[in-house]
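Participant:
Residue numbers (my numbering): 347 to 484.
#1: For a test of the three-state rule: what should DSSP assign to residue 391, helix, strand or coil?
#2: Among 355, 435, 462, which residue has its Cα nearest to the Cα of residue 394?
#3: Would you tell me roughly how many angstroms separate the C-alpha atoms of residue 481 and residue 366, rounded to the nearest one?
#4: Check residue 464 in the structure and name its three-state DSSP category.
#5: Find out if the Cβ-Cβ distance for the pair residue 387, residue 407 is shorter than 9 Å.
#6: Would you mind giving the Cβ-Cβ distance between residue 435 and residue 453, rounded to the nearest angstrom? I have them listed as a contact below 8 Å.
Next comes the structure, spelled out in C-alpha cells:
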C-alpha cells in the first residue's frame, strides 16, 4: 500500500497539533506542516515542516503549495485554521488536477457559515429548528 502524504496548512501553531496527533494514528501517513512562521511548535511533531508565503499573497501561496504538493507527493490537504479555508476552497480544482484532495467545505457553505444572519435565515427558510431571532436596526 502506498503511504499517504498529508499536508496541514497553517498548522504550525497549537491548532495543528490535534490534526498531527490524529493523522499519526493512521498507519502509513506522512504528516507535513506548512506555515508562514519558521519558529512553530508543530515542526517538532511533523515528519517535515515547510515555510510558506503569507496567505495575504494568495496567488504566490497557492503556486507554492501546488509545487510543494507535487514535490512531496501530497495527496490530501487539511486546513488547521479558518484563515485559509476560503482560499483553499476557491482553488480546490487546481489541487484536484494534481490528484490532491482539499478537505474543506465548498465555498458557498463556508461563506454561509461565516455570516450568522444569513445562516439563521437559511435555517429558517429550510424549516430547520432554530431559536427565535429578532432583527434590530441598532
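Positions of the beta carbon are idealized from the N, C-alpha and C atoms, including for glycine.
Facilitator: In short:
#1: coil
#2: 355
#3: 42 Å
#4: helix
#5: no
#6: 4 Å
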